[in-house]
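Chemist: Chains as they are written, first to last, in my numbering: chain F, 1 to 110; chain R, 1001 to 1254.
Structure follows, in structure tokens:
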């Protein structure tokens, strides 16, 4: 996929960055580059030169499977029954605990 | 970090050449800011130039501790003839091919030189060199990518690269200009081997990279003893640029 109206020798590369070990990879932005090697250099300069990242993922935008089909993602019929909000569990769960003689578990330590 | 006054002769000369090289190429390459071939490269080249200026600042700082001078005064208050950078860097940044050719010759030479300083006997310098090498590794990757790209693109890109390499050729080896007090530096273990040895290694390495690309090999330096003196008009111009602010208000605190 070429950038709209851009240089036909350039591709768009999406850059994901990890801020510190254990963090999820988050989308940082994109760079333009003619190939993977320069894309790596530019990603490093744009998203890592100030030591703000410990890891980068660099992927050609055209290599990303792009799914935005409304029939698949936003179908027109009512879908409320697929949402957990359709089942109010709190009272049922409390009743079941009481029947079983169990305490509500404490919140997990983070 | 206090540098215990070292008894090794020539340390000040070595530090000055290292610092001036980084300062001059850093300042010269920073001229691409705003006009590099594309936005991403603009950021990259500006960032690389800042790295080089950072290296120069660290090296001038070390020199200032050795000589008891002020680092900014060393960097900015000398006359053009007193700078000791390699004549390779007296060639202006030129076009993009010239900048890449100059960076490639310089970065590969600097890598060989830093390697010879990495296990040196004076801890403050050896420790700094270890840090510099970690950044220079990326610089060499970046410029190698560009050299290969220009060399393998037939037509204008390759033609311009060859013109640049031929213009730089006679001064390509000047990073290894022998130091006047090289003997004590080698004997004292600050520098692993004489500059002439390092130049041989560097030439073997560059030749191995250039041959498959069909690029012209750099001839022997014509006037090896003048390799860090007699800076010409392009450097006088650059000096005028990088000292302009300092000279506009001498003694000011910035």
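Beta carbons: idealized from backbone N, C-alpha and C, even for Gly.
1) Using only the alpha-carbon positions, how far apart do residue 108 of chain F and residue 46 of chain F sit?
2) Can you confirm whether residue 42 of chain F, when its beta carbon is compared against all beta carbons of chain R, has any partner nearer than 8 Å?
3) Taking all protein chains shown into account, do 16 or more other C-beta atoms lie within 10 angstroms of the C-beta of residue 1124 of chain R, making it buried, or fewer, making it exposed?
4) Examine the Cβ distances between the region 1235-1246 of chain R and the region 1080-1092 of chain R and report whether three or more of them are shorter than 8 Å.
5) Per DSSP, which one or two residues make a beta bridge with residue 30 of chain F?
6) For residue 1190 of chain R, which of helix, strand or coil comes out of DSSP?
7) From residue 1020 of chain R to residue 1076 of chain R, what does the alpha carbon distance come to, in whole angstroms?
8) Could you tell me the boundaries of the alpha helix (DSSP H) in which residue 1200 of chain R lies?
9) Confirm, please, whether the CB-CB distance from residue 1031 of chain R to residue 1087 of chain R is below 8 Å.
10) In whole angstroms, give me the CA-to-CA distance for residue 57 of chain F and residue 1114 of chain R.
11) Give the DSSP bridge partners of residue 72 of chain F, in chain order.
12) Three or more beta-carbon pairs under 8 Å between the region 1239-1253 of chain R and the region 1195-1203 of chain R, yes or no?
13) Sorted by chain position, which residues of the same chain lie with C-beta nearer than 8 Å to residue 1184 of chain R's C-beta, five sequence neighbours on each side aside?
14) Less than 8 Å between CB atoms is the rule here; does residue 31 of chain F satisfy it with respect to chain R?
15) At which residues does the beta strand (DSSP E) containing residue 1246 of chain R begin and terminate?
16) Would the region 1034-1046 of chain R and the region 1238-1248 of chain R be scored as touching if the rule is three or more Cβ pairs under 8 Å?
17) Which ranges would you report for the alpha helix (DSSP H) in the region 1009-1087 of chain R if only whole runs of at least 4 residues count?
18) On a CA-only basis, which of F:39, F:51 and F:41 is nearest residue 20 of chain F? Give me that one, please.
19) List, in order along the chain, the chain F residues whose C-beta lies closer than 8 Å to that of residue 1047 of chain R?
20) Using alpha carbons as the reference points, say which of R:1168, R:1192, R:1016 and R:1110 lies closest to residue 1217 of chain R.
21) On the three-state DSSP scale, how would you describe residue 56 of chain F?
Modeler: Quick look at the numbers:
1) In this structure, the straight-line span from the alpha carbon of residue 108 of chain F to that of residue 46 of chain F is close to 39 Å.
2) Residue 42 of chain F counts as touching chain R.
3) Classified as buried, residue 1124 of chain R has 16 or more neighbouring CB atoms from the shown chains inside 10 Å of its CB.
4) Output reads yes: the region 1080-1092 of chain R touches the region 1235-1246 of chain R.
5) Under DSSP, residue 30 of chain F forms a beta bridge with F:14.
6) In the three-state reduction of the DSSP assignment, residue 1190 of chain R falls in the coil class, being assigned neither a helical nor a strand state.
7) Here the alpha carbon of residue 1020 of chain R sits roughly 11 Å from the alpha carbon of residue 1076 of chain R.
8) First-last of the alpha helix (DSSP H) with residue 1200 of chain R: 1195-1213.
9) No. Outside cutoff.
10) When rounded, the separation of the alpha-carbon atoms in residue 57 of chain F and residue 1114 of chain R is 31 Å.
11) Answer is none; residue 72 of chain F lacks a bridge partner.
12) Contact between the region 1239-1253 of chain R and the region 1195-1203 of chain R is absent, because fewer than three Cβ pairs lie under 8 Å.
13) So the qualifying residues of the chain are 1008, 1009 and 1010.
14) Residue contact with chain R for residue 31 of chain F: present (Cβ-Cβ distance below 8 Å to some residue of chain R).
15) Boundaries for residue 1246 of chain R: no beta strand (DSSP E) harbours it, while the alpha helix (DSSP H) harbouring it runs 1233-1248, taken from the DSSP string.
16) Too few Cβ pairs lie closer than 8 Å, so no.
17) Segments of the alpha helix (DSSP H) lying fully in the region 1009-1087 of chain R: 1011-1029, 1039-1067 and 1071-1076.
18) For residue 20 of chain F, the nearest C-alpha among the options comes from F:51.
19) Chain F residues near residue 1047 of chain R: 45 and 49.
20) Checked all of R:1168, R:1192, R:1016 and R:1110; the closest Cα to residue 1217 of chain R is R:1168.
21) In the structure shown, residue 56 of chain F adopts extended strand secondary structure according to DSSP, grouped into three states.
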